[in-house]
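Notes follow once the structure below has been shown.
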Amino acid sequence: MNIYRMICWGPFFPAFVSGNEVVGIKRVGESSFYLMTEKAGFFSAPDIPDRRCSRTVLTVLLMLLAVVSEAKTDAQAVDGKALVMERARGNCLACHAIADGELPGNIGPPLLAMKARFPDEDKLREQIWDATIRNPDTRMPPFGRHGILSREEVELIVQYLYTL
Amino acid sequence: MIRLTTLWTPARQAVLLIALVACQAAAAGPEDDRKAFVAYFQARFPDIPLAEYVNGIYAIDQDSREQWQEIEEFPPYEFAVEQGAALWQAPFADGGRYSDCFVGAEPGVRQNYPRYDLATAEVVTLDLAINRCRKKYGQAELTFGGEEMLALSAFMALESRGNPISIENPAGNPGALAAYEQGKQFYYSKRGQLNFSCADCHVTSAGLYVRADRLSASLGHPTHFPVYRSKLGNMLSLHQRFAGCIRDVRAKPFALQSKEYRTLEYFLTYMSNGLEANGPGARK
Numbered sequence: 094m095n096i097y098r099m100i101c102w103g104p105f106f107p108a109f110v111s112g113n114e115v116v117g118i119k120r121v122g123e124s125s126f127y128l129m130t131e132k133a134g135f136f137s138a139p140d141i142p143d144r145r146c147s148r149t150v151l152t153v154l155l156m157l158l159a160v161v162s163e164a165k166t167d168a169q170a171v172d173g174k175a176l177v178m179e180r181a182r183g184n185c186l187a188c189h190a191i192a193d194g195e196l197p198g199n200i201g202p203p204l205l206a207m208k209a210r211f212p213d214e215d216k217l218r219e220q221i222w223d224a225t226i227r228n229p230d231t232r233m234p235p236f237g238r239h240g241i242l243s244r245e246e247v248e249l250i251v252q253y254l255y256t257l
Numbered sequence: 047m048i049r050l051t052t053l054w055t056p057a058r059q060a061v062l063l064i065a066l067v068a069c070q071a072a073a074a075g076p077e078d079d080r081k082a083f084v085a086y087f088q089a090r091f092p093d094i095p096l097a098e099y100v101n102g103i104y105a106i107d108q109d110s111r112e113q114w115q116e117i118e119e120f121p122p123y124e125f126a127v128e129q130g131a132a133l134w135q136a137p138f139a140d141g142g143r144y145s146d147c148f149v150g151a152e153p154g155v156r157q158n159y160p161r162y163d164l165a166t167a168e169v170v171t172l173d174l175a176i177n178r179c180r181k182k183y184g185q186a187e188l189t190f191g192g193e194e195m196l197a198l199s200a201f202m203a204l205e206s207r208g209n210p211i212s213i214e215n216p217a218g219n220p221g222a223l224a225a226y227e228q229g230k231q232f233y234y235s236k237r238g239q240l241n242f243s244c245a246d247c248h249v250t251s252a253g254l255y256v257r258a259d260r261l262s263a264s265l266g267h268p269t270h271f272p273v274y275r276s277k278l279g280n281m282l283s284l285h286q287r288f289a290g291c292i293r294d295v296r297a298k299p300f301a302l303q304s305k306e307y308r309t310l311e312y313f314l315t316y317m318s319n320g321l322e323a324n325g326p327g328a329r330k
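This is the structure we're talking about:
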């Protein structure tokens with residue numbers, strides 16, 4: 094990355110690292126910008142040398158930012174489902190019938206009406222984290238305890254299961 | 047698509063499983079184990095004749111059975127069998143031949159392996175016996191799982207077809223019994239990141255689906271090896287299959303013909319005592 098681009102990117106960097114969503118831009122004068130973020134408030138761009146950081150560069154940058162943050166929210170929404178369905182990840186479909194899932198296994202019971210059957214969220218979390226707590230001889234892998242899924246991934250799955 | 051297992055309710059399964067474990071714990075002799083093992087599957091699949099178990103998943107899954115029978119009309123393992131026959135007949139460079147090592151009903155001796163060898167106090171599988179024979183006549187040992195070993199064992203399996211599996215009761219010797227117990231222990235132990243025992247898939251879940259794969263019963267597993275796997279396009283030994291299943295549960299596989307696999311084969315084959323040898327087989 095050259096100096097020129099570093100100078101341009103600098104002010105936006107906090108928005109990236111803090112994971113804040115960019116909610117708007119405000120233009121002041123000919124070539125000064127404010128970047129509005131959800132949590133950290135405003136970032137001004139006064140230190141961007143006017144002449145060098147053209148408006149085009151900034152536009153491209155902001156478009157990129159928009160794409161990144163949008164992709165992130167989308168990913169979060171589908172992540173729980175992907176974890177449940179994908180072979181290399183949770184692969185719950187290997188043993189449980191799940192709505193939308195093709196060619197499910199039937200070693201475990203179908204996963205449906207989860208809120209009614211697991212009103213206690215912690216019980217559901219525990220079942221996925223370590224099914225051997227409830228049944229020491231279970232055939233369900235201890236996803237959390239054996240490090241197959243991370244805490245965050247188990248959380249995404251819990252939230253997704255509650256939509257079933 | 048939702049497949050519900052109405053026939054096989056968890057309650058029924060629990061009762062039978064408890065019966066199986068209780069029988070094995072109470073009497074604890076290999077012959078009692080075998081009877082309980084057989085009884086478990088017969089209670090679970092009352093419509094499947096005992097002799098059918100030698101066909102693996104095709105004993106249970108009628109859908110894929112027809113396709114398999116078609117494949118068997120032009121057996122894909124024929125090439126390996128022919129290669130094995132040639133190897134069997136060729137005398138060793140310094141004299142001697144395979145038939146000198148397997149005297150009696152040779153080459154159809156598959157049903158007698160594995161056996162507990164008193165002299166070396168270890169379980170000898172057919173593959174190991176083949177290599178011992180070569181060693182005795184000054185020949186380099188064959189690679190386990192290699193083309194020649196698979197060809198020879200495929201030929202011997204074919205020559206053994208129809209002979210009932212005849213493993214001597216390990217209870218007759220303390221060393222044999224210990225080896226048997228070791229194999230049994232291995233079979234029922236949970237392993238790998240996925241935490242499965244062999245029994246979790248091939249006893250408790252036999253007939254059920256893991257995704258689109260339907261699980262076969264352990265009863266009859268060792269009768270038909272080696273098998274031609276159409277997925278892989280080559281022959282596969284029993285121990286290579288063990289390794290595959292162990293890899294699938296994300297555990298580290300053991301070496302082919304390791305003590306672990308030989309004792310496992312010993313236990314499993316004793317469970318299939320009396321069933322007919324019907325190798326080599328053809329599988330997906």
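These protein sequences, in sequence, are chains R and L. Take this note's numbering: the final residue in the first sequence is number 257, and no numbers are missing along the way. Take this note's numbering: the final residue in the second sequence is number 330, and no numbers are missing along the way. Just so it is clear, CB atoms sit at the ideal spot from N, CA and C, and this is done for glycine as well. Small disclaimer: the values here were computed from a predicted structure and weren't measured.
Chain L has a Cβ within less than 8 Å of the Cβ of Arg232 (chain R).
A distance below 6 Å between beta-carbons, with the five flanking residues on each side excluded, links Gln252 (chain R) to the following residues of its chain, in chain order: Gly173. DSSP assignment within the region 77-158 of chain L yields the following whole alpha helix (DSSP H) runs of 4 residues or more, N-terminal first: 108-119, 124-135 and 144-147. Non-local beta-carbon contacts of Asn177 (chain L) in its own chain, meaning distances under 7 Å to residues more than five positions away in sequence, involve Glu187 and Leu188 in chain order. Leu186 (chain R) and Leu204 (chain L) have their alpha carbons spaced roughly 39 Å apart.
Taking the beta carbon of Ile200 (chain R) as reference, the chain L residues within 8 Å of it are Ser251, Leu254, Tyr255 and Val256, listed in sequence order.
When the Cα atoms are used, Asp259 (chain L) and Gly198 (chain R) turn out to be separated by approximately 8 Å.
DSSP places Asn199 (chain R) in the coil class of the three-state scheme, outside both helix and strand. The beta carbon of Ile241 (chain R) sits closer than 8 Å to some beta carbon of chain L.
As computed with DSSP, Tyr162 (chain L) is found in a beta bridge with L:Val169.
In the assembly as shown, Leu196 (chain L) is a buried residue. Its beta-carbon has 16 or more other beta-carbons within 10 Å.
Here the alpha carbon of Asn215 (chain L) sits roughly 35 Å from the alpha carbon of Asn228 (chain R). Shown in chain order are the members of the region 204-237 of chain R whose Cβ falls below 8 Å from a Cβ of chain L: Thr225, Arg232, Pro234 and Pro235. Look at Asn184 (chain R) here: in three-state DSSP terms it is coil, with no helix or strand label. In its chain, beyond the 5 residues on either side, Ile221 and Leu242 have a beta carbon closer than 6 Å to the beta carbon of Phe236 (chain R).
Rounded to the nearest whole angstrom, the CA to CA distance from Phe120 (chain L) to Glu194 (chain L) is 22 Å.
For Asp246 (chain L), the chain R residues whose Cβ falls inside 8 Å of its Cβ are Arg232, in order along the chain. CA-to-CA, the gap between His189 (chain R) and Leu217 (chain R) works out to about 15 Å. Leu176 (chain R) and Ile191 (chain R) do not touch by the CB rule: their CB atoms are close to 11 Å apart, not below 8 Å. Within the region 186-198 of chain R, the residues whose Cβ lies closer than 8 Å to some Cβ of chain L are Leu186, Ala187, Cys188, Ala190, Glu195, Leu196, Pro197 and Gly198, listed in chain order.
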